[in-house]
Structures are given as C-alpha cells and as structure tokens.
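According to this note's numbering, the sequence shown is numbered sequentially starting from 187. Yeah, the Cβ is synthetic: ideal placement off N, Cα and C, and Gly gets one too. Computed from a predicted model, the values in this text were never measured in an experiment. Working notes for the structure below.
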Amino acid sequence: TRFAVIGEEVCDPTGKDRTAILVQIAHKAGSLADTLQIFKKNKVNLTWIESFPLRGEEPGYLFFIDFEGHVQEPHIKRTLNELEKRVVRLETMGSYPRSGIRE
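Next comes the structure, spelled out in structure tokens:
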C-alpha cells in the first residue's frame with residue numbers, strides 16, 4: 187500500500203527525489219511509445235506507470251507516471267517541456283523525497 191502526503195508547498199530537491207504526473211495522450215497507435223521516448227531521450231527513469239480509461243464519450247486513457255528526479259532539475263524541466271508540446275494534457279502532481287522504505 188502506498189500513501190501520499192499532500193501539501194501546497196514545493197519540496198526542495200534532496201538529490202533522491204521522485205516526481206508524479208498525469209498525462210493524457212492522443213488515442214492513436216504509437217502515441218504511448220512516442221511519449222515514453224521523451225523520457226528515454228532525457229535519461230529519466232520511470233518508477234511507476236498506470237493507465238486509467240477516460241470516462242465519457244472521448245476515447246483514450248489517462249496515465250499516472252512516477253519517475254526519478256525533481257521538477258527543479260534541468261533534465262526534468264526539459265522532459266516536462268517536451269511532454270507539454272506532445273500530449274493532450276499534462277498535470278504535474280509534484281516532486282517529493284524518495285521514501286527510505288524499500289518498495
């Protein structure tokens with residue numbers, strides 16, 4: 187079981203951080219692969235990805251993606267900027283210090 191502590195202030199980078207985002211991509215062949223290629227190109231290691239079907243008439247999926255790094259790090263900023271240009275919707279949930287508990 188995972189738990190989250192949610193706050194309004196951005197945590198300072200610790201060097202051992204993770205960032206969580208929500209992404210909606212175009213509902214067409216290759217869109218997920220193209221999106222994941224952005225992480226590969228910027229050497230960002232994913233730690234969790236989960237899909238949720240969109241509700242309503244619009245077909246597609248919303249992806250929760252968790253990855254190593256902090257939103258203030260240059261390669262993470264670059265990754266998020268590239269994603270924003272490519273995806274239908276991008277919401278940054280925030281960055282947080284990685285837990286000391288083994289996952």
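Practice problem: Find out if the Cβ-Cβ distance for the pair Val257, Gln210 is shorter than 8 Å. | Solution: Translated into the one-based positions of the sequence shown, residue 257 becomes position 71. Translated into the one-based positions of the sequence shown, residue 210 becomes position 24. In this structure, the beta-carbon distance from Val257 to Gln210 does not fall below 8 Å.
Quiz item: When we look at the beta-carbon of Gly255 and count the other beta-carbons within 10 Å, is it buried (16 or more) or exposed?
Solution: As a position in the sequence shown, residue 255 is number 69, starting the count at 1. If you draw a 10 Å sphere on the C-beta of Gly255, you find 16 or more other C-beta atoms in it, and that means buried.
Self-check item: Coil, strand or helix - Glu254 by DSSP
Solution: On the sequence shown, position 68 is the one that residue 254 refers to. Strand, per DSSP.
Exercise. Assign Ser237 to buried or exposed, taking buried as 16 or more other Cβ atoms, counted over all protein chains shown, within 10 Å of its Cβ.
Key: Within the sequence shown, the letter at position 51 stands for residue 237. The residue is exposed, with fewer than 16 neighbouring Cβ atoms inside 10 Å.
Quiz item: Does DSSP put Pro260 in a helix, in a strand, or in coil?
Solution: The sequence position of residue 260 within the sequence shown is 74, counting from 1. Here Pro260 sits in helix by DSSP.
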